[in-house]
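Data first, discussion second: the structure below is written as structure tokens.
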Amino acid sequence: MESVIDRHLVELRKALDSFVETRQEFDTSQIINYFAYDIIGELAFSMRFNTPKDADPQILPPFNHHIFLGSIFGLLSFLLPYSRLVSLYIPSQCLQGLIRSRMKLRAQTNACVAERIQNPNKTEDLMSPLINTTDPMTDRLLGLDDLAIKAFGFL
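The opening residue of the sequence shown carries number 27 in the numbering used here; numbering runs sequentially from there.
Below you can see the structure in the form of structure tokens.
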């Protein structure tokens with residue numbers, strides 16, 4: 027896994043050097059986000075998202091929204107059993123945007139897990155142990171939904 031990170035760091039360095047050589051303005055945090063997201067994709071799912079090459083902010087999942095929504099739910103932990111259901115009906119444009127962002131992240135996780143299961147490889151990634159894990163109650167391999175729930179934390 028270190029080789030994956032090393033390779034991406036070399037690519038990041040080349041990208042930054044290119045910006046300097048061409049005197050092109052760039053957003054450092056955005057560039058680092060692209061590379062971090064690509065590293066996560068490769069380590070978790072053996073998938074390259076190619077976000078550094080595409081350099082499109084729309085490709086990145088809404089991590090900040092996801093974290094902010096989790097913080098809100100965490101502050102209201104006593105309401106947690108109800109908050110997910112009730113929050114869908116609160117007519118707040120901000121809250122609904124946060125929920126849509128989380129749904130987008132969940133859909134991407136589901137797609138990554140489905141792709142990873144359909145195209146098994148010999149590369150060790152974070153999904154490998156999960157794919158081969160059995161449910162202790164049923165002694166069956168985890169299903170797509172269970173894998174997606176566990177993989178949601180990777181992104």
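Glycine included, every Cβ here is placed at the ideal spot set by N, Cα and C.
Close beta carbons around residue i, own chain, < 6 Å, minus the five adjacent residues each side
i	result
GLU18	Because the chain here runs from 27 to 181, residue 18 falls outside it and cannot be looked at.
ARG128	HIS92 and LEU95
Where residue i sits in the DSSP three-state scheme
i	result
THR54	helix
THR77	helix
LEU124	helix
THR159	coil
LEU152	coil
LEU181	coil
LEU188	The structure shown has nothing for residue 188, since the chain only spans 27 to 181.
LEU168	coil
Residues of its chain near residue i, where Cβ-Cβ distance is below 7 Å and the 5 sequence neighbours each way are ignored
i	result
TYR63	PHE75, THR77 and LEU86
LYS176	LEU156
GLN56	PRO83
ASN59	LEU86
Distance between residue j and residue i (C-alpha atoms, nearest Å)
i	j	result
SER72	PHE61	15 Å
LYS130	GLY179	14 Å
HIS91	LEU124	5 Å
PHE89	LEU101	18 Å
ASN145	VAL139	10 Å
TYR115	MET163	35 Å
VAL46	LEU69	29 Å
Cβ shell of residue i (< 8 Å), same chain only, five flanking positions each side left out
i	result
ASP172	ASP161
LEU170	ASN136, VAL139, ALA140 and ILE143
Host alpha helix (DSSP H) of residue i (start-end)
i	result
TYR108	106-113
GLY182	The question about residue 182 has no answer here: the residues shown for the chain are numbered 27 through 181.
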